[in-house]
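Some notes on the structure that comes next.
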Amino acid sequence: MPYDVSSTASVLPHTGTRPTRASVTAVPTPPPDPDELAASLATIGDIVMAGRRSGYSHLVTRPAPTVGQLMTAARGAAEALVRPALWPRRRGRWQPAPRAARRRAVGRMRVTVVALEPDAFVPLSAEGPGGASGPAAEVLHLVSGRAHTVATAPTGEMLAVQGLTAGRTRVLGASDGHQLVNTGTETAVVVRVGG
């Protein structure tokens, strides 16, 4: 379907010269009316809602806990778990820490604990409970016993061994391919806090 532009557009004579700054005069435009401006911005939610809470829960920002907050929560959980009555009854599996150990964890931190028999090990996988992806940062704190973290290659070869020291918290950069091993002669209890 052809469209005729001649009836809608005005034809300007072509002079072959470009307009110069001196030949073009600036016509000041009046500032927009505040009511018109508000009406035009009402359809743009990002601008109107800037700095305000959104009614959509999936758009709420949830800041990740800092390493310092994770370490504080791990120390608090370790202090609560000094009593053997709070240690997990099942050995060799990560499980949610008792409520007394989770009290210092604020926000969206996940506090888990494991009890390992001598010469036992447990993986420090990045996969959380229910197959959820792991947290951005994790820390380990030794409550009792003696334990080491062992980094392994996909072939099973040992790459690095680091001891967990009593009273100190170890920050995990990545937990894939890591194992936690009880290298002592008594039960080792370790707290893991992730966020």
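FYI, the numbering for the sequence shown is 1 to 195, going by the UniProt record's numbering. Even for Gly, the Cβ is constructed at its ideal location relative to N, Cα and C. All values derive from a computational prediction rather than experimental measurement.
In the structure shown, the three-state DSSP call for L172 is strand.
Spatial neighbours of T72 in its own chain (CB-CB distance under 8 Å, excluding positions within 5 residues in sequence) are listed in chain order as R104. Here DSSP, grouped into helix, strand and coil, assigns E36 to helix.
Taking the C-beta atoms as reference points, V67 is found no nearer than 8 Å to H141. Of the candidates R99, A166, A64, L172, A166 places its Cα closest to the Cα of G184.
Counting only the Cα atoms, G163 lies some 16 Å from G177.
Taken in chain order, the whole alpha helix (DSSP H) runs of length 4 or more contained in the region 86-125 are 99-102. If you look at L70, you'll find it in the alpha helix (DSSP H) that goes 67-80.
Between the alpha carbons of R146 and V171 lies a gap of roughly 17 Å. Residue environment for E36: exposed (fewer than 16 other C-beta atoms within 10 angstroms of its C-beta).
Going by C-alpha positions, R90 is about 22 Å away from R75.
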